[in-house]
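J.: Please see the structure below; I have some questions.
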Amino acid sequence: TNGWWLIPTSEVTLTNTVAGDILDEGALPIRLTAHTHCFRSEAGSAGKDTTGMLRQHQFEKVEMVTICTPETALAEHERMTKCAEAVLERLGLPYRTIVLCTGDMGFGAQKTHDLEVWLPGQNTYREISSVSTCGQFQARRMNARYRAPGGKPEFVATLNGSGLAVGRCLIAVLENGQQADGSVTLPAALVPWLGGKTRITAEGQLV
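Just remember that the numbering used here sits 10 ahead of the position in the sequence shown, which is counted from 1.
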């Protein structure tokens with residue numbers, strides 16, 4: 011390669027903003043977010059969901075990252091999960107939150123919550139967000155530390171989560187809002203951003 015890489019998520023970029031740093035404890039927590047394109051090979055998906063918008067090689071996602079002290083990491087994990095849940099609630103989408111078992115978690119995760127949204131077209135819940143605390147695992151690899159007043163440098167804790175996958179969110183809005191006549195009722199939270207329009211007709215007109 012020429013040294014350039016396609017990122018799977020902006021977690022990579024946001025987390026590494028503190029790589030090699032020694033932060034003041036008073037500056038924590040650091041909370042970051044980004045809306046970016048994400049790129050996935052989807053290797054191992056075994057031909058599942060190969061059409062439509064559900065599983066893509068390139069998609070958009072809003073990412074949340076927190077850098078904090080290890081003592082506050084679990085509380086930050088709950089806060090970040092509630093941030094993602096709040097978006098689904100504002101959109102009026104049915105969802106559930108599950109705690110992943112160790113075998114389903116990512117390599118560097120200490121604890122993971124998955125948010126799954128209901129998709130009537132598939133008659134099932136599908137993952138739309140994953141929120142993880144990685145403890146000090148990532149911090150040790152990138153040498154990110156903090157120092158309490160009068161103390162020695164200690165490794166920070168890092169957390170990341172989707173807030174949400176944009177394409178899957180659009181699918182959920184369309185499927186859950188569809189009416190018997192083929193029209194789609196739009197979430198009230200989106201109406202101010204759509205010029206006051208409240209639905210999409212069966213012919214695809216925004217009215």
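Just so it is clear, CB atoms sit at the ideal spot from N, CA and C, and this is done for glycine as well.
#1: Considering only residues of the stretch 80-110, which uninterrupted alpha helix (DSSP H) runs meet the minimum length of 4 residues and lie entirely inside it, listed in chain order?
#2: Put Trp128 into one of helix, strand or coil per three-state DSSP.
#3: Which first and last residues belong to the beta strand (DSSP E) in which Val245 is found?
#4: Per DSSP, what kind of secondary structure is Asp31 in: helix, strand or coil?
#5: Do you know offhand how far Thr46's Cα is from Asn26's?
#6: Could you check if Thr76 is buried or exposed, using at least 16 other CB atoms within 10 Å of its CB as the buried criterion?
#7: Are there 16 or more other CB atoms within 10 angstroms of the CB of Leu180, so buried, or fewer, so exposed?
#8: Among residues of its own chain, excluding the 5 on either side of Leu24, which ones have a beta-carbon nearer than 7 angstroms to its beta-carbon?
#9: Is Phe117 helix, strand or coil when you go by DSSP?
#10: Shortest alpha-carbon distance to Glu86 belongs to which of Gln68, Ala29, His123?
#11: Express the C-alpha separation of Glu137 and Tyr105 in angstroms, rounding to a whole number.
#12: Excluding sequence positions up to five away, which residues of its chain have a Cβ less than 6 angstroms from the Cβ of Pro197?
#13: Since Arg151 sits in a beta bridge, which residues does DSSP pair it with?
#14: Looking at the structure shown, is Glu73 part of a helix, part of a strand, or coil, going by DSSP?
#15: Does the stretch 141-153 touch the stretch 175-193, meaning 3 or more C-beta pairs lie closer than 8 angstroms?
T.: In terms of the structure at hand:
#1: 83-100
#2: When secondary structure is reduced to three states using DSSP, Trp128 falls in the strand class.
#3: Nothing about residue 245 can be reported from this structure: the residues present for the chain run from 11 to 217 only.
#4: Coil.
#5: If you take the alpha carbons of Thr46 and Asn26, they lie about 16 angstroms apart.
#6: buried
#7: exposed
#8: Leu42, Ala44, Glu73, Val75
#9: coil
#10: His123
#11: 9 angstroms
#12: Leu101, Gly102
#13: Note: Arg151 sits in no beta bridge, so no partner.
#14: strand
#15: no
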